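In what follows, a single structure is set out as structure tokens and then discussed.
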Amino acid sequence: MGNVHEDPLAELALRLRALRVQRGLQMGGLQQRTGLGRTTVSQALNGHVVPSETTLLALAKALGTDVEPLLALRHSAMSMPQAREILARRVVPRPRRPKGDPSFEERYLDYVAERHSQLTVVGLDLSRPERAHWPLDAAYLSLELAERPRGWLAGVEEADRSSVVVKRAENALGDCQRVLLRGLAGSGKTTLLQWLAVGTARDELPEELGSWRGQIPFVLPLRTLVRHGPLPEPHHFLAAVGAPLAASQPEGWADGVLARGEALVLVDGIDEVPQEHRGATRDWLERLLAAYKDAHFVVTTRPSAVPEGWLASSRFTELSVRPMSAADIGVFVARWHTAARRSAATDAEQSQLRDLETALQVTVRAQRDLSQLSSTPLMCALICALHRDRRGHLPHSRRELYEAALSMLLVRRDLERSINVPEGIQLTEHQSVQLLQRLAYWLIRNRQTEMDRSTAEALVGDALPAMQAVAEQGTAEQVLMHLIGRSGLLRQPTIDTIDFVHRTFQDYLGAKAAIEAHDFPLLVNNADDDQWEDVVRMAVAHARPAESADLLRRLVERGDAEDGHRSRLHLLAAASLQYATEIEPDVRRLVEQRARTLMPPRSPEEAEELAALGPGILDLLPGAESLSADEVGPVIKTAAEVGGDPAYAFLRRFAQSLPSDSAPYELIDSWKHFAADEYAREILLPFWDRGHLPKRLAVHTHDQRNTLRLLKPITGIAFRQKFTEDEIVEHLSSECIQTLEIYSGHLLTNLKFVRRFPSLKELALSDCTQLGHIEDLAGLPLPKLRLLHLPHEFRFDALDSLPELTSLSLYTRLPWPSLADLPAPKGLTSLFLGSWTGTRLTGISKWQQLQVAVINSAPDKAEWQEFSTLPHLTELYISDYDLNHAVPMPSVTYLRLAPTSNPQLELVPEIFPNLESFFINCQETQLDTTDITPLSQIEGLQISISYASKLIGLEKFTTEAVKLYPRPRTGDT
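Here this note's numbering is used: the first residue of the sequence shown is 61, the next is one more, and so on.
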């Protein structure tokens, strides 16, 4: 064959086969380890097709090898004509006209694929800025997305379930039709939308997104749309984003695409809409959703821009972009350097880039602070570029990182090309920064992220009289064109608009302008607006010691004076401490004292807010001795989310001071944030030694699984990573396991191994993509079974072969139109149903022994009537309902509501007259106030209320009768 790289696809297949032989794996074993289909594995190893990136990632992980060389070969193979032909055969294309001109739809899809097929990568090639782009198919990195489960398993205690479910993007999106995606600046939200747009336009989405194939994408950046008045209706989508095909769009085309359910609407940047206009933006979205129920929607935002549940009433799934893991950072660093080597001019430069990559991989792993800084794609790209530019030397703080990046981007490009006066204009770094920060500050003050080119020219023109050395070189238009072409920080999305390559640079430069203008009152007055949060933090970084002290004092004083913004402003002041180079001791004490009033955290949300302040918050966290029961878990979560050696030391001390009777759930769950063996030995094992075992362990990694040998006996365990049957049972005692939960069951091919656990009382199965039934469980004396996210063709016949089944949870699509056909034993006492079962509740009355029902889909009047015939039903949990359809249910003594709109509490006393306990979660209602006055009609009622913004009617109840979560803070607590 000669040089194997003449046929990179054959070389890739050869390497995969050699690795399989070296690891001693049979094809079946490799299939199990990867979770891939037999055909997919076989084709990859035989070189019959170009494997997808997802397939290579799974194979590399299973074979214990570095994925980057494999991805490089894939990239080479993709560029070969025969590979493109193979790939084309794998994807079912949209039908195209055999003759004549392409249709408008075909032209539009080609335009979308071309328009969004490149990524700008910061600092990739300083000498040739036009090369600072990656092809999207080579650059895209599938990040992890987290979903906080809502409404499902609503009857299970919070401590008994995971707070979030984490999956790769394509897996997380696969089961969704509407998604609200949250992510920090630079976390990859926009890149993910680009990938979805190009993948749908080319019909090249992976198998996991099979239900999204055939869609026609509409990419709608709100930063552009909000500048043009009212948000557009479908016929104006293309014109609003400047698509050149808008004029030739057939009448009614966009409406037809949306109405047929063939549209993928990608709305980018809720956070880039001014705060006062976000309600109107939601109304616009809800009008589209009402008119086009079958279209797919993905909406992105920064986390703090809108509250949780902002689109819950419209049935959006909320996903959050997770920070890149150590493995993801390693892949990104390798790809960045691979791309840089492709544009290297000499062999010596290529060799130097290899050495720099090796050194940076080691540095990022070894230095915790640097690892935290590089946890988003934007920051990781900056670090790669600076590491190359500074020959291996890196700044340590975020401000130094941006400062060095600006210097690199503004100056190094032309120095490396030995060109002194590009375009006839020569600007010093200081001159460029002065002009750029003027543009940035205008955008911030006007709450925009994009400006008209004429406005930018006017701003530059206003500056020129005071910058004689610049004015002598050219007009405002020429200077602006120089900044666009040479700074690496500005770009032209359209011929008439200007913006920054990333919002982060706009905030950094705008903050510098604000400090130089002494606009402290403006900064403080806008500090409660999430669009200004990063600006305020950066302003503290830019300020001199006296200025930063003044700014922090003003933030504290405004927080003291305004109840509604107090927590946010005091937390912002505390978060800004780490940005300051020097802080007066009195000011630091003042800020920390206010932060302590927000201590200890009393909910997961408060814990996450505090953890975002960085390692300094650890010094303010109290020990276990002084905490109430509702504070222990959030304090642990705060430290775990901070991570690093100081957080580990805090948790080790904290665990030693806990009561010896049990380990809190959060302490067990925090295991995933630290070295598995060390955490198990020093923090978890002492609880085993004292004989106080946790209810269950959660295993997220192979290292954690290997450490299970230290923690025996184990009575309950949850596997949240893909493991084979043998890996699941290896370290478990067959006589001790009572609870077994498998939440990533992709590798399971049968359930016979479950029979090894005769004491098993509870089994959970999720994402078992290779299972078609549960017949292997037939006859087992299993009281509790939970089935989640199973294949559509899954068969449930064996349910009636579980003689002792009393509790059944179904959070997966069911094959019957109603519950009448569900083959569950008549002795069920608890039934949990997710909102996506697709099955009506008719027939529920056949389980006359039901005591507990969890319902996440709205019953109609007949179904409410059938509920009322269940004589033993005492506990009802419901998250989607209209109580106007309900009938009296006197048997119910415990009611739990999780409404998405008006909770209809005025109807509760009449429908549930014998209530003893009532719980309501107001997080998704979007109501400013909740009136509990009607509940006072029920004598002796115990009430629990979560996440209520403001309550009316509290005075009708005794203090002991109402519990609020999170527990409110008073002057004493």
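Each residue gets a CB set at the ideal place from its N, CA and C atoms; glycine is no exception. Since we're looking at a predicted model, the values are computed, not measured.
- Expressed to the nearest angstrom, what Euclidean distance is found between the alpha-carbon atoms of Ala257 and His176? Translated into the one-based positions of the sequence shown, residue 257 becomes position 197. Translated into the one-based positions of the sequence shown, residue 176 becomes position 116. Going from the Cα of Ala257 to the Cα of His176 covers about 7 Å.
- DSSP state of Asp579 mapped onto helix, strand, coil: Numbered from its first residue, the sequence shown carries residue 579 at position 519. The answer is coil: DSSP assigns Asp579 none of H, G, I, E or B.
- Can you check the segment 742–809 for any beta strand (DSSP E) of at least 3 residues that lies completely inside it and give the ranges in chain order? Fully enclosed beta strand (DSSP E) runs of 3 or longer: 757–759, 776–779 and 799–802.
- Item | Whole-Å CB distance - Leu322 paired with Gln275, under 8 Å assumed | Walking along the sequence shown from the start, residue 322 turns up at place 262. Walking along the sequence shown from the start, residue 275 turns up at place 215. A small correction: the amino acid at residue 322 is Glu; Leu does not occupy that position in the sequence shown. 6 Å between Cβ atoms; contact.
- Query: Any idea which residues DSSP pairs Ile915 with across the strands?
  - Reply: Your numbering for residue 915 matches position 855 in the sequence shown. Ile915 is bridged to Leu893 and Ile938.
- Task: Would you check if the distance between the CB atom of Gly693 and the CB atom of Pro724 is smaller than 8 Å?
- Result: By one-based count along the sequence shown, residue 693 stands at place 633. By one-based count along the sequence shown, residue 724 stands at place 664. Yes, they are a contact pair.
- Along the alpha helix (DSSP H) that carries Ile276, what are the first and last residues, could you check? Numbered from its first residue, the sequence shown carries residue 276 at position 216. Segment Ile276 to Pro281 is the beta strand (DSSP E) holding Ile276; no alpha helix (DSSP H) there.
- Task: Within its chain, find whatever has a CB closer than 7 Å to the CB of Val366; leave out the 5 residues flanking it on each side and keep chain order.
- Result: Residue numbering aside, residue 366 sits at position 306 when the sequence shown is read from its first letter. Ile330 and Arg338, listed in sequence order.
- Task: Determine the extent of the beta strand (DSSP E) in which Phe734 is found, giving its start and end residues.
- Result: To locate residue 734, count along the sequence shown from 1; it is residue 674. Taken as a continuous stretch (DSSP letters only), Phe734 belongs to no beta strand (DSSP E), as it is neither H nor E.
- Message: Check for me: the alpha helix (DSSP H) holding Ile340 runs from which residue to which?
- Response: If you number the sequence shown from 1, residue 340 lands on position 280. A small fix is needed here, since residue 340 is Ala in this sequence, not Ile. That run of the alpha helix (DSSP H) goes Arg338 to Ala351.
- Message: Quick check on Glu145: buried or exposed, where buried means 16 or more other Cβ atoms within 10 Å of its Cβ?
- Response: Locating residue 145 in the sequence shown gives position 85, counting from the first residue. Confidence at Glu145 is low in this model, with a pLDDT of 42, below 50, so its placement is unreliable and no value can be given for it.
- Coil, strand or helix - Asp705 by DSSP: Looking up residue 705 in the sequence shown gives position 645. Helix at Asp705.
- Under 8 Å between C-beta atoms of Val391 and Leu79: For this step, residue 391 is matched to residue 331 along the sequence shown. For this step, residue 79 is matched to residue 19 along the sequence shown. Not in contact: Val391 and Leu79 (Cβ atoms no closer than 8 Å).
- Give the DSSP-derived three-state secondary structure of Ala555 in the structure shown. Taking the first residue of the sequence shown as 1, we reach residue 555 at position 495. Position check: residue 555 holds Ile in this sequence, whereas Ala was assumed. Ile555 falls in the coil class under three-state DSSP.
- Task: Check the DSSP bridge columns for Asp512 and list the partner residues they point to.
- Result: Residue 512 sits at position 452 when you count from the first residue of the sequence shown. Beta-bridge pairing by DSSP links Asp512 to Thr557.
- Item | Sub-8 Å separation of Asp827 and Tyr803 beta-carbons | One-based indexing of the sequence shown puts residue 827 at position 767. One-based indexing of the sequence shown puts residue 803 at position 743. Their beta carbons are under 8 Å apart, which means Asp827 touches Tyr803 by this criterion.
- Using DSSP bridges, identify the partner residues of Gly844. The sequence position of residue 844 within the sequence shown is 784, counting from 1. A small correction: the amino acid at residue 844 is Lys; Gly does not occupy that position in the sequence shown. In DSSP, Lys844 forms a bridge with Glu822 and Ser867.
- Message: Measuring alpha carbon to alpha carbon, tell me which residue in Ala73, Leu265, Ala120 and Thr993 is nearest Asn106.
- Response: Against the sequence shown, residue 106 aligns to sequence position 46. Ranking the options by Cα distance to Asn106, first place goes to Ala73.
- To which residues of the same chain is Pro36 closer than 6 Å at the C-beta, ignoring the five residues directly before and after it? The structure shown does not extend to residue 36, since the chain is modelled only from 61 to 1033, so the question has no answer here.
- Query: Which one of Ser403, Glu644, Gln566 and Val393 has the shortest CA to CA distance from Leu446?
  - Reply: Residue mapping note: residue 446 aligns to position 386 of the sequence shown, counting from 1. Distance check between Leu446 and each of Ser403, Glu644, Gln566 and Val393 places Val393 closest, using alpha-carbon atoms only.
- Say whether the segment 363–383 touches the segment 538–557, bearing in mind that this needs 3 or more beta-carbon pairs closer than 8 Å, one atom from each stretch. Taking 8 Å as the limit for Cβ pairs, the verdict is that the segment 538–557 does not touch the segment 363–383.
- Pick out the complete alpha helix (DSSP H) segments inside the segment 587–665, 4 residues or longer, and give them in chain order. 590–602, 605–621, 626–636 and 645–656
- Query: What are the uninterrupted segments assigned as beta strand (DSSP E) that are 3 or more residues long and contained completely in the segment 965–1019, given in chain order?
  - Reply: 977–981 and 1002–1006
- May I ask which residues mark the beginning and end of the beta strand (DSSP E) holding Lys906? Here residue 906 is taken as the residue at index 846 of the sequence shown, counted from 1. Per DSSP, Lys906 belongs to no beta strand (DSSP E) and is neither H nor E.
- Which value, in whole angstroms, describes the spacing of the CA atoms of Leu893 and Leu519? In the sequence shown, residue 893 corresponds to position 833, counting from 1. In the sequence shown, residue 519 corresponds to position 459, counting from 1. Their backbone Cα atoms lie some 59 Å apart in a straight line.
- At what residues does the beta strand (DSSP E) containing Leu326 begin and finish? On the sequence shown, position 266 is the one that residue 326 refers to. Per DSSP, Leu326 belongs to the beta strand (DSSP E) from Ala323 to Asp328.
- Limits of the unbroken beta strand (DSSP E) element including His1118: Lying outside 61 to 1033, the shown extent of the chain, residue 1118 is not represented and no answer is given.
- Message: Am I right that Pro277 and Ala261 are in contact with their C-beta atoms under 8 Å? What's the rounded C-beta distance?
- Response: Residue numbering aside, residue 277 sits at position 217 when the sequence shown is read from its first letter. Residue numbering aside, residue 261 sits at position 201 when the sequence shown is read from its first letter. Between Ala261 and Pro277 the Cβ distance is about 6 Å, and since that is below 8 Å, they are a contact.
- Give every residue of the same chain whose Cβ lies closer than 7 Å to the Cβ of Ala918, excluding the five residues on either side of it in the sequence, and list them in chain order. Within the sequence shown, residue 918 is the residue found at index 858, counting from 1. The residues are Asp940, Tyr941 and Asp942.
- Element boundaries [beta strand (DSSP E), containing Glu378]: Counting from 1 along the sequence shown, the entry for residue 378 is found at position 318. Run containing Glu378: Thr377 to Val381, per the beta strand (DSSP E) assignment.
- Item | Alpha-carbon to alpha-carbon, Ala137 and Pro455 | Here residue 455 corresponds to residue number 395 of the sequence shown, with the count starting at 1. Here residue 137 corresponds to residue number 77 of the sequence shown, with the count starting at 1. Distance from the CA of Pro455 to the CA of Ala137, rounded to the nearest whole angstrom, comes to 38 Å.
- Item | Nearest candidate by alpha-carbon position, reference Ala350, set Leu324, Ala319 and Thr360 | Residue numbering aside, residue 350 sits at position 290 when the sequence shown is read from its first letter. Of the listed residues, the one whose Cα sits closest to Ala350 is Ala319.
- Neighbourhood of Ala132 by C-beta distance below 8 Å, restricted to the same chain and skipping five residues each side: Position 72 of the sequence shown, counting from 1, holds the residue named residue 132. Hits under 8 Å: Thr398.
- Residues bridged to Glu204 by DSSP? Within the sequence shown, numbered from 1, the residue matching residue 204 stands at position 144. Glu204 pairs with Arg228.
- Item | Cβ neighbours of Pro383 in the same chain (closer than 6 Å, five flanking residues each side left out) | Within the sequence shown, the letter at position 323 stands for residue 383. So the qualifying residues of the chain are Ser435.
- Message: Here's the rule: buried if 16 or more other CB atoms are within 10 angstroms of the residue's CB, otherwise exposed. What is Val424?
- Response: Here residue 424 corresponds to residue number 364 of the sequence shown, with the count starting at 1. Val424 is buried by the Cβ-count criterion.
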